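Structure first, commentary second.
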Amino acid sequence: MTANGWLQFAVFSLVLLATVRPVGIYLACVLEGERTWLDPVLRPLERLIYKLAGVNAEKEMNWREYAFAILGFSAVSLVVTYAIERLQAYLPFNPQHLANVGPDLAWNTAASFTTNTNWQSYTPESTMSYLTEMAGLATHNFFSAAVGIVVAVALIRGIKRTTSATIGNFWVDTTRTMLYILAPACVIYALLLVAQGVPQNLHAYTVAHTLEQPGQAQTIGEGPVASQEAIKMLGTNGGGFFNANSAHPYENPTPFSNFLEMLSIFIIPAGLTYTLGRMTGSPGHGWAVFGAMFVLFAAGFAVAYWAESQPYNAIHGAAQTGSATAPAGNMEGKEVRFGISDSTLFATITTDASCGAVNSMHDSFTPLGGMIPLANIMLGEVVFGGVGSGLYGMLIFVVLSVFIAGLMVGRTPEYLGKKIESYDVKMAMLYTLIFTLIVLVFAAVFVLLPNVGLSSLNNPGPHGFSEILYAFTSGAGNNGSAFAGLNANTWWYNVALGWDMLIGRLLMMIPVIALAGNLAQKKSVPPSPGTFPVNTTLFAVLLVGVVLIVGALTFFPALSLGPVLEHLLLKSGQLF
Amino acid sequence: MHSTAMLETGETVARKERTGSPAVHSVWKTSIRYTLVTTLLLGLGYPLLLTGIAEFVFPHRANGSLILRNGQVIGSELIAQSFTSDRYFHPRPSAAGNGYDATSSGGSNLAQSNAKLAQRIQGDIDKLEKENPGKPVPIDMVTTSGSGLDPDITPDNAYFQAPRVARARGLSEAVVRSLIEKHTEQRTLGLLGEPRVNVLELNLDLDNLSK
Numbered sequence: 097m098t099a100n101g102w103l104q105f106a107v108f109s110l111v112l113l114a115t116v117r118p119v120g121i122y123l124a125c126v127l128e129g130e131r132t133w134l135d136p137v138l139r140p141l142e143r144l145i146y147k148l149a150g151v152n153a154e155k156e157m158n159w160r161e162y163a164f165a166i167l168g169f170s171a172v173s174l175v176v177t178y179a180i181e182r183l184q185a186y187l188p189f190n191p192q193h194l195a196n197v198g199p200d201l202a203w204n205t206a207a208s209f210t211t212n213t214n215w216q217s218y219t220p221e222s223t224m225s226y227l228t229e230m231a232g233l234a235t236h237n238f239f240s241a242a243v244g245i246v247v248a249v250a251l252i253r254g255i256k257r258t259t260s261a262t263i264g265n266f267w268v269d270t271t272r273t274m275l276y277i278l279a280p281a282c283v284i285y286a287l288l289l290v291a292q293g294v295p296q297n298l299h300a301y302t303v304a305h306t307l308e309q310p311g312q313a314q315t316i317g318e319g320p321v322a323s324q325e326a327i328k329m330l331g332t333n334g335g336g337f338f339n340a341n342s343a344h345p346y347e348n349p350t351p352f353s354n355f356l357e358m359l360s361i362f363i364i365p366a367g368l369t370y371t372l373g374r375m376t377g378s379p380g381h382g383w384a385v386f387g388a389m390f391v392l393f394a395a396g397f398a399v400a401y402w403a404e405s406q407p408y409n410a411i412h413g414a415a416q417t418g419s420a421t422a423p424a425g426n427m428e429g430k431e432v433r434f435g436i437s438d439s440t441l442f443a444t445i446t447t448d449a450s451c452g453a454v455n456s457m458h459d460s461f462t463p464l465g466g467m468i469p470l471a472n473i474m475l476g477e478v479v480f481g482g483v484g485s486g487l488y489g490m491l492i493f494v495v496l497s498v499f500i501a502g503l504m505v506g507r508t509p510e511y512l513g514k515k516i517e518s519y520d521v522k523m524a525m526l527y528t529l530i531f532t533l534i535v536l537v538f539a540a541v542f543v544l545l546p547n548v549g550l551s552s553l554n555n556p557g558p559h560g561f562s563e564i565l566y567a568f569t570s571g572a573g574n575n576g577s578a579f580a581g582l583n584a585n586t587w588w589y590n591v592a593l594g595w596d597m598l599i600g601r602l603l604m605m606i607p608v609i610a611l612a613g614n615l616a617q618k619k620s621v622p623p624s625p626g627t628f629p630v631n632t633t634l635f636a637v638l639l640v641g642v643v644l645i646v647g648a649l650t651f652f653p654a655l656s657l658g659p660v661l662e663h664l665l666l667k668s669g670q671l672f
Numbered sequence: 003m004h005s006t007a008m009l010e011t012g013e014t015v016a017r018k019e020r021t022g023s024p025a026v027h028s029v030w031k032t033s034i035r036y037t038l039v040t041t042l043l044l045g046l047g048y049p050l051l052l053t054g055i056a057e058f059v060f061p062h063r064a065n066g067s068l069i070l071r072n073g074q075v076i077g078s079e080l081i082a083q084s085f086t087s088d089r090y091f092h093p094r095p096s097a098a099g100n101g102y103d104a105t106s107s108g109g110s111n112l113a114q115s116n117a118k119l120a121q122r123i124q125g126d127i128d129k130l131e132k133e134n135p136g137k138p139v140p141i142d143m144v145t146t147s148g149s150g151l152d153p154d155i156t157p158d159n160a161y162f163q164a165p166r167v168a169r170a171r172g173l174s175e176a177v178v179r180s181l182i183e184k185h186t187e188q189r190t191l192g193l194l195g196e197p198r199v200n201v202l203e204l205n206l207d208l209d210n211l212s213k
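Taken in sequence, the protein lines are chains A and B.
Take the first sequence: its position 512, counting from 1, is numbered 608 in my numbering, and each next residue is one higher.
Take the second sequence: its position 207, counting from 1, is numbered 209 in my numbering, and each next residue is one higher.
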């Protein structure tokens, strides 16, 4: 570990902190339907979309209608993406003449992008045409990000409204999110990325005649990368234009582009904590949630950075202690321009959020260094989290926290003026249990099937178990990062992970919307001396505790069979 | 208009509850139309607009930062390519395809507990030690990068290779070392990233020097 590494973490954190308030206010303005400075340009376009799509923008929806709209939109857009993949060879923007995608992979990928996961069983630069990337996949980067944000906002409305049957209009919320937040930010962001060296073109791959052996051609994959990279990060999607994702120099060419990419993962989720405080009229609560998230973020980074800075004891004769001009620690799977600190910071951020982009290969991390990304996803990606999904995931833990606090003093728990009753806690428990169930059941089944599960492993021993565990955790958590040695492009993995992702997204979203609907129709009760305040440090500490306890109780046995066991064996000199 | 919190009377709540069962037919119709409209806008309009702007404002970058010599593309400044002769600096080992395959980027994904990784690294160290006896081998020389296309090596790596390159070209080591110094890129703003040397650019300059 170096002073510079910690300084980079500090500067990143300060810049993030500076964005929270302005971003949070802007998000609230857009989602409350207030005027923004983009209105003169975008308002006519917004109206046109409603007209063409037949949306009645004036009509509010109850939670069932809201949920049905999400399911309808997800189903239709999933089918469109599946169709584009299956037919890409006959469609335009395919200069490399890539073949149609097979049915199981097309299903997996369509499910993956619809659910904001962006798990990729394939090598994009040799599988997906430019049209598939632009109209099949990058569109979902917008759609799924917007859906996540609007569900979080629907939940905030549920907390805020009293005796209301409705929680907003899904089509209006989604349109405004994409039009006023995601799209304009992406245009600017993508151009910044191009300036750093990210390509943006539509021509066939370049054939270079290399310097040492001009006879040996190097074919260089390119394409409309920057436009996709921007929404990939800002929408916490994480699906790479290239197989190496943000480790690829064309996706992430410089330390500055890397800084932008890390910041853009967190900027909306962090801003949403302020939106929460502002919309519910309790700014202190927003900051308490932010504080709890930040503590978990810093702790994850500290452990991962420390672990990756340790020398590799199985080799000798290499310089592993570091110098002013060379990093100390584990450089397998990491890029020189990022070194150890930027690689571990990126890995922490991408799994705190449900992004899943990687700028280094998590599979080659040290056992404990690789456990941090895995554990971050297992905690529910509530450390800032995915756009929207991070906040509503954390609000589930908030409900559990006030419930536990209520149990301690023997009173009906309240949350910002709403009584938290049996139905609400049931929905919160459903949310946490669905995740646990699909991760552990799928992983257990695949570990037990030698020809289906184990034949895809890249690494033997406990690390192999971690590869399978990571895959289903990443899928259910809609993260999309991987211990990428696992060959997941098989019929069984493609189909199982497809369901893993869909259940982990849509089935977990429904309890959240139901909770929003139930909270919205309640009356507000004034705070009493027995009310547990949710804007204090004590509350933030309790929240962190609940997140860690639920995560640990659920996943510690699995982690001890994977990374923990691998660490202990490696320490004692055992290789596999 | 929309999405503002409205206090509704008990009567309106009751009415909405009665008629509130979702009209399934209209959800499908809206979903289909909405998906088509937004796919055209964000799936074609947005990337094509950006391609147009990028080609106009940053043509070199938008087209992959390619390096031309005598009108022929020899590579990209951002993408590693294979160098094996003693006359050139070597990039880091690559796990992309069969090595430096820019249509199949990726890392080895080998775990530290995998004996294959330890054997590969140790084998490479033992070979390199002969080249520069007594000096510990920089760790980035024997580890594959995440992309397999890492265009950079650490300055330590470059200095480790300097004696070999100088010998092969009949140059003094000092000349080669000063060239490395010239091509060493420091941290951005003295803060971000790590110091590094771009291998292809360094090798191109070496060729210019030898002419």
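The beta carbon of each residue, even a glycine, is placed where N, CA and C say it ideally should be.
As the structure is a computational prediction, the values presented were derived from the model and not from experiment.
I need the DSSP call for A:Lys-514, collapsed to helix, strand or coil. strand
What does DSSP give as the partner residue(s) for A:Ser-456 in the beta ladder? A:Lys-430
Quick check: what's the CA-CA separation for A:Ala-410 versus A:Ala-453? 29 Å
Beta-carbon spacing of A:Ile-492, A:Thr-444 below 8 Å: no
Residues bridged to A:Ile-411 [DSSP beta-bridge criterion]: Answer by DSSP bridge pairing: none, since A:Ile-411 is not bridged.
Look at the Cβ atom of A:Ala-261, then the Cβ atom of A:Asn-158, and state whether they are nearer than 8 Å. yes
How is A:Thr-586 classed by DSSP in three states: helix, strand or coil? coil
Go ahead and pull the three-state DSSP assignment for B:Asp-142. helix
Contact between the region 570–578 of chain A and the region 464–478 of chain A is defined here as three or more beta-carbon pairs at a separation below 8 Å; is this criterion met? yes
What are the partner residues of A:Met-157, as DSSP defines its beta bridges? A:Gly-264
Taking 8 Å as the CB-CB limit, is A:Asn-575 close to chain B? no
Helix, strand or coil, according to DSSP, for A:Arg-507 in the structure here? coil
Looking at chain B, is there any beta carbon in it that lies within less than 8 Å of the beta carbon of A:Tyr-218? no
State yes or no: is the beta carbon of B:Asn-111 nearer than 8 Å to at least one beta carbon in chain A? yes
Which residue's Cα is closest to the Cα of A:Pro-629: A:Lys-514, A:His-559, A:Ser-562? A:Lys-514
Check B:Ser-96 in the structure and name its three-state DSSP category. coil
Min CB distance B:Glu-183 to chain A below 8 Å: no
Using the Cα positions of B:Thr-190 and A:His-458, report the straight-line distance between them to the nearest angstrom. 25 Å
DSSP three-state call for A:Gln-312: helix, strand or coil? coil
With DSSP as the reference, label A:Gly-129 as helix, strand or coil. coil
Kindly give me the distance between the Cβ atoms of A:Ile-277 and B:Ser-78, rounded to whole angstroms, as I take these residues to be in contact under 8 Å. That pair is no contact at about 33 Å.
On a CA-only basis, which of A:Ala-567, A:Ile-530, A:Ile-609, A:Trp-102 is nearest A:Phe-266? Give me that one, please. A:Ile-609
Under 8 Å between the Cβ atoms of B:Thr-2 and A:Thr-235? The displayed coordinates of chain B run from 3 to 213. Any statement about residue 2 of chain B would go beyond what the structure contains.
Verify whether the separation of the beta carbon atoms of A:Ala-242 and A:Thr-273 is less than 8 Å. yes
Distance, A:Lys-147 Cα to A:Ser-342 Cα: 38 Å
DSSP three-state label for B:Val-199, please. strand
Tell me, please, whether the CB atom of B:Asn-65 is closer than 8 Å to any CB atom in chain A? yes
Taking a Cβ distance cut-off of 8 Å, strictly less, list which residues of the region 608–625 of chain A are near chain B, in chain order. Gln-617
Starting from the beta carbon of B:Leu-204, find every residue of chain A whose beta carbon is closer than 7 Å, and list them in chain order. The premise fails here: B:Leu-204 is roughly 11 Å from chain A at the closest Cβ pair, so nothing lies under 7 Å.
Would B:Pro-197 be called buried (16 or more neighbouring beta carbons within 10 Å of its own) or exposed? buried
Please tell me whether A:Ile-534 and A:Arg-374 are closer than 8 Å, where the distance is taken between their beta carbons. no
Distance check for A:Glu-563 and A:Asn-590, CA to CA, integer angstroms please. 15 Å
List, from N- to C-terminal side, the alpha helix (DSSP H) runs of 4 residues or more that fit wholly inside the region 156–219 of chain A. 159–183, 199–210
Leaving aside the five residues before and after B:Pro-24 along the sequence, list all residues of the same chain whose C-beta is less than 8 Å from its C-beta, in chain order. With a pLDDT of 49 at B:Pro-24, under the threshold of 50, the predicted position of this residue should be treated as unreliable, though the coordinate-derived value follows. For B:Pro-24, where only same-chain residues beyond five positions count, there are no Cβ hits under 8 Å.
Could you spell out where the beta strand (DSSP E) holding A:His-305 opens and where it closes? 302–305
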